[in-house]
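Last residue of the sequence shown? That's 1805 in the numbering used here, and every number before it is there in order.
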Amino acid sequence: MGVRIFGQLIRHTSLSMASSTTLDAILSLSKRKGFVYQSSEIYGGLNGCWDFGPLGVELLRNIKDSWWKAMTYRTDIVGIDSSILMHPRVWEASGHLQQFSDPMIDNKTSKSRHRADNLIEEYIHRLRAKNKTADAERVESQLAAAQNNDDLHRIIVDNAIPDPVSGTTDWTEVRNFNLMFETHVGPVADAANVVYLRPETAQGIFVNFKNVMDAARMKPPFGIAQIGKSFRNEINTKNFLFRTREFEQMEMQFFVKPGSEGEWFDYWRQARWDWFVNNLGIKADHLHRKPHEKLAHYAAAAEDIEYLFPFGWGEVEGIHSRTDFDLARHQEFSGKKLEYVDTVTKDRYTPYVIETAVGATRTFMALLCDAYAEEEVPTGDGGSETRAVMRFAPSLAPVTAAVLPLVNKDGMPEAAQAIMRNLQRSFRVDYDTSGAIGRRYRRQDEVGTPFCITIDGETLSDSTVTLRDRDTMQQIRVHTDALSGEIRRRLEA
Ligand code: ATP
1313 MGVRIFGQLI RHTSLSMASS TTLDAILSLS KRKGFVYQSS EIYGGLNGCW
1363 DFGPLGVELL RNIKDSWWKA MTYRTDIVGI DSSILMHPRV WEASGHLQQF
1413 SDPMIDNKTS KSRHRADNLI EEYIHRLRAK NKTADAERVE SQLAAAQNND
1463 DLHRIIVDNA IPDPVSGTTD WTEVRNFNLM FETHVGPVAD AANVVYLRPE
1513 TAQGIFVNFK NVMDAARMKP PFGIAQIGKS FRNEINTKNF LFRTREFEQM
1563 EMQFFVKPGS EGEWFDYWRQ ARWDWFVNNL GIKADHLHRK PHEKLAHYAA
1613 AAEDIEYLFP FGWGEVEGIH SRTDFDLARH QEFSGKKLEY VDTVTKDRYT
1663 PYVIETAVGA TRTFMALLCD AYAEEEVPTG DGGSETRAVM RFAPSLAPVT
1713 AAVLPLVNKD GMPEAAQAIM RNLQRSFRVD YDTSGAIGRR YRRQDEVGTP
1763 FCITIDGETL SDSTVTLRDR DTMQQIRVHT DALSGEIRRR LEA
């Protein structure tokens, strides 16, 4: 949950400005193949918003399914789906109305607006790139010591940090900018009926804590999980899906008896790490843990899981030990008791919360970056060529198998379509007849299809097909009756 208090300003942006080639390649492949498009592109696009195309929607859904299974296929966690618009008092209680803001600064010449802390961080990176290490460390320690907007302003002015757009140092003061989108319910747009698009899904869980505990007969330790859209009017949207104004989150609040939060925090930080490595197949050396050095006043502990994006390390998930802060605040603001009462021991307490908060769309981007590879492979004629391949874990790939009749005649299309229809009962299957078989394999490699099934002359006589593996490119012959089972076995391997 991102209530941004000052102590957390120096959060995730350990940008190392690595080469942007991969990101460019991924962006272009994304559009060309139908993973992600710019929102309202034909009108010039809308900043910070993206649309998921036919392959993107499958991949995103697979990520969400993987999370949902990992989190709710157990007896101590249940799911909900709460509404995006909520009572405005929710955001008073949560602190978002007062505190969910970023410090921003405007350049008077270019009229461009920046997050003050990001402007300083980017300046530090430029100093490092020029090997001005002593200067970089000096500004870094000034930033670490910053306590308020005046301190940030002083760092920018004292170091004469220029505007990246105009190059001038003609800056306004640093002001807070609330990130919640505001709208109105009903026909009259006045202050009495203001509502907000939720900036996180977590509050929908806190306000339903009692409903869920009672109806599902849960008792601590137990959790509530939710996947849904969140909205933040981010000042700087950049790096593709990393920081957008509309995005999807997967959050889980785990309610525990006070005193046991340390043990559960350790449990969840390990469980969530394992999900990235084991379930998503993300390379462990592309992930690291970043404990928060400065904690929010209500937090007992917090740690981010960061991914090594092409532009540097960036948070994908936060695991937070939040005491009883949220439930206590909602109790105070709503006047409703949000406690657990043990009917036998009469023990009564407001549970403490361990929260796991991960971005589905940001994880989607991490997965695209992690899966993308270009490699030299041998061609049939003894030469070699470069292939682009998306090495998605087979169970997450947008398309599981492609059925490819070697030629589009001689009864092969009919045999291929029968095989396709059979496989479609269990898997997402593509069908492609156009071009040489090698080109069709490349096309499937590029979108990460783990299995290609080729129907040839032999298929018609002995009902076998070739099954090609995306990563090893090895082909084996499999009887059509055994095909589904073989694919399932490989998906589960
Ligand atoms: P950041 O520091 O990157 O702004 P945060 O610490 O505010 O993130 P949380 O409020 O903890 O983030 O949200 C949990 C997760 O939601 C983040 O780890 C991230 O994956 C995702 N998320 C948050 N803001 C955005 C955004 N603007 N665009 C895409 N994903 C986001």
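Every residue gets a Cβ at the ideal spot worked out from N, C-alpha and C, and that includes glycine.
In the three-state reduction of the DSSP assignment, T1778 falls in the strand class, which pools E and B.
Put simply, the backbone Cα of K1522 is about 13 Å away from that of V1390.
V1628 has its Cβ nearer than 8 Å to a heavy atom of the ligand ATP. Excluding residues up to 5 positions away in sequence, A1596 lie with their Cβ nearer than 6 Å to the Cβ of V1589 in the same chain.
With respect to the 9 Å criterion, F1676 and T1712 are not classified as neighbours on the basis of their beta carbons. DSSP places H1426 in the strand class (E or B) of the three-state scheme.
Of the residues assessed, E1563 falls on the buried side of the cut-off, its CB having 16 or more other CB atoms within 10 angstroms. In the three-state DSSP reduction, L1397 falls in the strand class (E or B). For R1802, the enclosing alpha helix (DSSP H) has its first and last residue at T1792 to E1804. Judged by their CB atoms, I1666 and F1543 are not nearer to each other than the 9 Å cut-off. The straight-line gap separating the alpha-carbon atoms of V1719 and W1380 is approximately 41 Å. For R1780, the CB contacts under 8 Å within the same chain, skipping 5 residues up- and downstream, are Y1753, F1763, C1764, I1765, T1766, Q1786 and Q1787 in chain order. Counting of Cβ neighbours within 10 angstroms places Y1664 among the buried residues, the total reaching 16 or more.
For the pair of segments examined, the segment 1362-1374 was found to touch the segment 1346-1353: the number of CB pairs separated by less than 8 Å reaches three.
Residue environment for H1408: buried (at least 16 other C-beta atoms within 10 angstroms of its C-beta). Boundaries of the alpha helix (DSSP H) harbouring E1370: P1366 to T1384, taken from the DSSP string. The beta-carbon distance between I1547 and D1414, rounded to whole angstroms, is 6 Å. This is short enough to meet the 8 Å contact definition. Placement of the Cβ of D1616 at a distance of less than 8 Å from at least one heavy atom of the ligand ATP is found.
Rounded to whole angstroms, the gap between the alpha carbons of D1429 and K1420 is 18 Å. In this model, V1777 and G1760 are separated by some 20 Å (Cα to Cα).
Note on geometry: alpha-carbon atoms of I1631 and K1606 lie some 14 Å from one another. Counting only residues of its own chain and dropping the five nearest sequence neighbours on each side, R1660 has a CB closer than 8 Å to the CB of E1651, Y1652, V1653 and D1654.
A straight line joining the alpha-carbon of D1783 with that of P1690 spans about 13 Å. Between the alpha carbons of K1721 and V1715 lies a distance of about 15 Å.
G1671 is a Cβ neighbour of Q1561, given a cutoff of 9 Å. Here R1425 is actually not in contact with N1461; their C-beta atoms are around 14 Å apart, not less than 8 Å.
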